[in-house]
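Read the structure below first, then the notes.
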Amino acid sequence: MVRITLVQGDITAEKADAVVNAANSSLLGGGGVDGAIHRRGGPEILAACEDLRRSHYGKGLPTGRAVATTAGRLPAEHVIHTVGPVYQVSGSDPSLLASCYRESLRVADELGARTVAFPAISTGAYGWPMEDAARIAVEAVRGAETSVEEVRFVLYDEQAYQVFAEQLGPSEAE
Ligand code: ADP
1001 MVRITLVQGD ITAEKADAVV NAANSSLLGG GGVDGAIHRR GGPEILAACE DLRRSHYGKG
1061 LPTGRAVATT AGRLPAEHVI HTVGPVYQVS GSDPSLLASC YRESLRVADE LGARTVAFPA
1121 ISTGAYGWPM EDAARIAVEA VRGAETSVEE VRFVLYDEQA YQVFAEQLGP SEAE
């Protein structure tokens, strides 16, 4: 079973085989994690995303899907871009958020990645409440069939870290 670990900090500093980007469907950059990854990773990542738009993803990457690029100057080997669903008070589909984690792990398997760092997808600009997003994230990772050995959730602030720690329970939180 995949081992889940928690870190508080900036995902762009993670030395993992792959770091996951909370991208938007344009793949051409944005705020939050996306902005930080492109800033610190340099122009090579954007160039790879532009290639993807010209080739397989002319209309953009659909919500819940994932695709890999170079990590440019980041300490990670690869970036896996996934598009979380926007939270809607009127009702949001948790399976789309779970799909981001599953699809990212599937892409990680294709890359041969053993350690994968995830941010809390959809919990920033896309507005998903942290408690609910953490539950969905942890369940999706625990339920995934993958050769990835370690999934590291990288939480930007103390509060998000605590929410994930509670979700994980005392046996796994470090
Ligand atoms: P989304 O559009 O999917 O909501 P965001 O990037 O806006 O994505 O936010 C997702 C989560 O990532 C939020 O909880 C935000 O606080 C956090 N975050 C923002 N910057 C970073 C970073 N550099 N490293 C890790 N987490 C980050």
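In terms of my numbering, the sequence shown opens at residue 1001 and continues consecutively. Idealized CB from N, CA, C, for every residue including glycine. Model, not experiment: these values are computed from the prediction.
{"Query": "How long is the line joining the alpha carbons of C1049 and A1160, rounded to whole angstroms?", "Result": "29 Å"}
{"Query": "Let me make sure I understand the geometry here. Which of T1012, R1065 and A1018 has the alpha-carbon closest to that of V1151?", "Result": "A1018"}
{"Query": "How many Å lie between A1173 and V1116 at the Cα?", "Result": "Caution applies to A1173, whose pLDDT of 49 falls short of 50 and renders its modelled position unreliable; the value that the coordinates give is listed next. Cα-Cα distance, rounded: 17 Å."}
{"Query": "Note down, in chain order, each residue of its chain lying with its Cβ closer than 8 Å to the Cβ of H1038, except the 5 sequence neighbours on either side.", "Result": "G1029, I1045 and L1046"}
{"Query": "Please give me, in chain order, every unbroken run of the beta strand (DSSP E) with length at least 3 that falls completely inside the segment 1054 to 1102.", "Result": "1066 to 1070 and 1078 to 1083"}
{"Query": "Among all the DSSP beta bridges, which residues are the ones paired with Q1167?", "Result": "Bridge partners of Q1167: none, in fact."}
{"Query": "By the DSSP assignment, the alpha helix (DSSP H) with V1033 in it spans what residues?", "Result": "G1032 to G1041"}
{"Query": "Can you check which of these residues, G1035, T1123 and I1080, is closest to Q1088 by C-alpha distance?", "Result": "T1123"}
{"Query": "Distance check for S1104 and I1080, CA to CA, integer angstroms please.", "Result": "6 Å"}
{"Query": "In whole angstroms, what separates the C-alpha of A1125 from that of G1112?", "Result": "31 Å"}
{"Query": "Is G1124 near ligand 1, in the sense that its beta carbon is under 7 Å from a heavy atom of that ligand?", "Result": "yes"}
{"Query": "What are the boundary residues of the beta strand (DSSP E) that includes V1116?", "Result": "T1115 to F1118"}
{"Query": "Can you determine whether any heavy atom of ligand 1 sits closer than 7 Å to the C-beta of V1154, and answer yes or no?", "Result": "yes"}
{"Query": "CB-CB under 6 Å to G1130, same chain, minus the five flanking residues each way: which ones, in chain order?", "Result": "Inspection of the sequence shows that residue 1130 is occupied by Met rather than by Gly. T1123, A1160 and V1163, listed in sequence order."}
{"Query": "Measuring only the C-alpha atoms, how far is G1041 from Q1167?", "Result": "31 Å"}
{"Query": "I need the boundaries of the alpha helix (DSSP H) containing N1141, first residue and last residue.", "Result": "It is Val, not Asn, that sits at residue 1141 in the sequence shown. V1141 -> alpha helix (DSSP H) spans M1130 to G1143."}
{"Query": "Confirm the yes/no value for this check: CB of A1120, any heavy atom of ligand 1, distance under 7 Å.", "Result": "yes"}
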